[in-house]
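For reference, each letter of the sequence shown is one residue, going -16 to 524 in the numbering used here.
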Amino acid sequence: MKYDTDVLVIGSGIAGLYSAIKIAEFADVILVTKKDRAESNTNYAQGGIASVLAPEDSFEKHINDTIIAGAGLCNRNSVKILVEEGPDRIKELIDIGTKFTEKDGNLDLVREGGHSFSRIVHAKDLTGKEVERALINKANSLNNLQIIENTLAIDLITEHNTSNLKNMPLNNRHCWGAYVLDVTNNCVKKITSKITILATGGLGQVYLHTTNPSIATGDGYAMAYRAGAKVANMEFIQFHPTALYQNSNSMQNHSFLISEAVRGFGGILRNGVGEAFMQNYDSRRDLAPRDIVARAIDFEMKKRGEDFLFLDITHKKSSDIIEHFPNIYNRCLSEGLDITRELIPIVPAAHYACGGILVDEFARTSLSGLYATGEVAMTGVHGANRLASNSLLEALVFSNRAAEVIKNSINLVSGEIPHIPEWDDSGTLTPDEKVIITHNTKELKQFMSDYVGIVRSNLRLRAASRRIANLYVEIEEYYKKTKVFDSLIELRNLVTCSHLIVKSAMLRKESRGLHYSLDYQFSKEESIALDTIIQNKYQKS
Ligand code: FAD
Ligand code: SIN
């Protein structure tokens, strides 16, 4: 097998596959992925992809909805790109073979929280699976795209890995590929490339309850950060309001999602005594942006000391519920719950990282030769809170842009690839204390959930920070003396991501979007306005 290539793509969700397919039109690509090729957050996406596809809708409306949800931190130019290039990317997905749900011969467009218009294309409630199927089908047919499964990227390669160039200043370095663990044969390989694309998805596994599958251990953020690339906005972790509540004996490593499209379809949130409560929090009620809904649920649960609340869809026609949400209906039925007749127990769960590796409008990171696309990237489109169904769209739009710019620039990557040594694990031992990994992973998830969840405070953040520092020291010591294995690499990355989340959260001295602190109950603008009111009153009295 060949281990040097023009472009190395890490990850096989929508961002990795779409980038690889586009780049394979003009260059050789190796795509590595840590499990089988379909396993990704993408594969679990339910609601759909937001885009302006109806004549009565407009780019301006989608731009405004995105910016309002983002609580003042979106980059308008990136949002404009996202929205205006969206429809062409959806058409490409259809051309590749994606079958979206249709109604009367047109795409069936539905609505979710924060959208002022029904603009979400979907494949019933299994949109991600259908998109992933179509992309994998296409990728499998391309000769110059080689997909290597069960291969976990450990670290990016730059000049700092060489013996003669290791002191090169950060801003002159280039990313030349990655060291990867062949999980099946338990050996480390180096893959060299002119260009590397991180498409490693999110970090939901930092938390105890998450909608993200086990692959979402934040590897990309951590690898990029260690290699010196800039990351930003890591404090903005989106909790999805409605994950299916399962009691703590459940062995699932991730929570099953009850799509926001269920609320778009008329679902109503109810508290433990059956009251619909969202009107007490926002005029948009159950369809307010996610940060507001998740916080309202958290508040209601704490008020009555409840472990979960309810989502009610029983007032809708049974046949319509089953027709629109066959996956959710069947999954709940398998747990003994008939959602056409019974309330669905729900609880918020970590869902999406709005921040990430800082990129420009062509997915270029601050490290030469390194691109980032999909959830791992921070393009500026989500600000402090992502609008529902904008994530798959972002992955498509910015992966396409990465491919365009790589096409025009790959031949400019100058000079020879420097001599990169093989992975050196001499002096390390075969692991015999895996309990350290399982225990520390549990501990990390527990305190991140308790201290760095939906509601935060300075005290909780400081407590988390101290625990992260301890874990970091322990894990690094273990890492240095042990032959690497998958859960060790992942825990090391989870600890680094937790550090980045807490560090960013401590720097933000306000409450905004998904970052809500008891010590700063207002945004900076609101605090200034409040100060002015208080001072005026004081001066007049
Ligand atoms: P992913 O799809 O997560 O793919 C990451 C890939 O990288 C995987 O193949 C993984 O195995 C691989 N990988 C990770 N680390 C490594 C490593 N170290 N080495 C090698 N490979 C690695 N968004 C929407 O817009 N609409 C929706 O309806 C929607 N529904 C969702 C429902 C659920 C349950 C979840 C969890 C998310 C949902 N989202 C939705 C969010 C959206 O699915 C994700 O943000 C998006 O799929 C991310 O795509 P991605 O390609 O960046 O990452
Ligand atoms: C959902 O279906 O509720 C998830 C949509 C999203 O995360 O954008």
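Each residue gets a CB set at the ideal place from its N, CA and C atoms; glycine is no exception.
**Prompt:** Do you know offhand how far residue 313's Cα is from residue 225's?
**Reply:** Counting only the Cα atoms, residue 225 lies some 17 Å from residue 313.
**Request:** State the DSSP-derived secondary structure class of residue 30, mapped to helix, strand or coil.
**Result:** Coil at residue 30, not helix or strand.
**Asked** At a cut-off of 7 Å, is residue 240 close to the ligand SIN when judged by its beta-carbon and the heavy atoms of the ligand?
**Response** Flag set: Cβ of residue 240 near the ligand SIN.
**Message:** Can you check which of these residues, 333, 35, 418 and 2, is closest to residue 433 by C-alpha distance?
**Reply:** Selected option, being the one with the closest Cα: 333.
**Message:** I believe residue 127 touches residue 11 by the beta-carbon criterion, under 8 Å. Please report the beta-carbon distance rounded to the nearest angstrom.
**Reply:** Contact holds; Cβ gap of about 5 Å.
**Request:** Taking only the alpha-carbon atoms, compute the straight-line gap between residue 142 and residue 401 and give it to the nearest angstrom.
**Result:** Residue 142 and residue 401 have their C-alpha atoms some 7 Å from each other.
**Request:** Using DSSP bridges, identify the partner residues of residue 170.
**Result:** According to DSSP, which records beta bridges pairwise, residue 170 is partnered with 165.
**Item:** Residue interval of the beta strand (DSSP E) (run including residue 354)
**Value:** Element bounds for residue 354: 353 to 355.
**Message:** Contact defined as beta carbons within less than 8 Å: I believe residue 125 pairs with residue 496. What is the distance between those atoms, to the nearest angstrom?
**Reply:** About 39 Å separates the beta carbons of residue 125 and residue 496, which is beyond the 8 Å limit, so they are not a contact pair.
**Request:** Confirm, please, whether the CB-CB distance from residue 90 to residue 148 is below 8 Å.
**Result:** Cβ distance not < 8 Å, so residue 148 and residue 90 don't count as in contact.
**Message:** So for residue 237, helix, strand or coil by DSSP?
**Reply:** The answer is coil: DSSP assigns residue 237 none of H, G, I, E or B.
**Request:** With a threshold of 7 Å, establish whether the CB of residue -4 neighbours any heavy atom of the ligand SIN.
**Result:** No, since every heavy atom of the ligand SIN falls outside the 7 Å radius drawn around the Cβ of residue -4.
**Asked** What do you reckon, are the CB atoms on residue 322 and residue 304 nearer than 8 Å?
**Response** Yes, Cβ-Cβ distance for residue 322 and residue 304 is below 8 Å.
**Message:** Pairs of beta-carbons, one from the segment 349 to 358 and one from the segment 176 to 195, closer than 8 Å: are there three or more?
**Reply:** The segment 349 to 358 makes contact with the segment 176 to 195: 3 or more CB pairs, one atom from each, lie closer than 8 Å.
**Asked** So is residue 347 buried or exposed if we call it buried at 16+ other beta carbons inside 10 Å?
**Response** Its Cβ being crowded by 16 or more others within 10 Å, residue 347 is buried.
**Message:** Cutting at 7 Å between CB atoms, please list the residues of its own chain near residue 204, excluding the five before and the five after it.
**Reply:** Spatial neighbours of residue 204 in its own chain (CB-CB distance under 7 Å, excluding positions within 5 residues in sequence) are listed in chain order as 186, 214, 339, 340, 359, 480 and 483.
**Asked** Regarding residue 358 and the ligand SIN, is the C-beta to nearest heavy atom distance less than 7 Å?
**Response** The answer is no for residue 358.
**Asked** When we look at the beta-carbon of residue 601 and count the other beta-carbons within 10 Å, is it buried (16 or more) or exposed?
**Response** With the chain covering only -16 through 524, there is no way to say anything about residue 601.
**First and last residue of the uninterrupted alpha helix (DSSP H) at residue 1** = -3 to 6 is the span of the alpha helix (DSSP H), which, as asked, contains residue 1.
**One or two residues paired with residue 223 in a DSSP bridge** = Within the DSSP secondary-structure output, residue 223 pairs in a beta bridge with 332.
**Message:** Looking at the ligand SIN, does it come within less than 7 Å of residue 377, judged from the CB to the closest heavy atom?
**Reply:** Not one heavy atom of the ligand SIN lies closer than 7 Å to the C-beta of residue 377.
**Message:** Excluding the 5 residues flanking residue 389 on each side, which residues of the same chain have their C-beta closer than 7 Å to its C-beta?
**Reply:** Excluding sequence positions up to five before and after residue 389, its CB lies within less than 7 Å of the CB of -10, 6 and 178, all in the same chain and listed in chain order.
**Prompt:** Helix, strand or coil: which one does DSSP assign to residue 193?
**Reply:** The answer is strand: DSSP assigns residue 193 an E or B state.
**Request:** May I ask you to report which of helix, strand or coil DSSP gives residue 506?
**Result:** Residue 506 falls in the coil class under three-state DSSP.
**Prompt:** Opposite residue 175 in the DSSP bridges: which residues?
**Reply:** Paired residue(s): -13 and 160.
**Prompt:** What residue does the beta strand (DSSP E) around residue 488 start on, and which one ends it?
**Reply:** Counting along the chain, residue 488 sits inside no beta strand (DSSP E); it lies in the alpha helix (DSSP H) bounded by residues 469 to 490.
**Request:** Tell me whether residue 463 sits in a helix, a strand or coil according to DSSP, three-state version.
**Result:** It is helical.
**Prompt:** When the Cβ atoms of the segment 32 to 52 are set against those of the segment 152 to 162, are three or more pairs found closer than 8 Å?
**Reply:** These segments do not touch.
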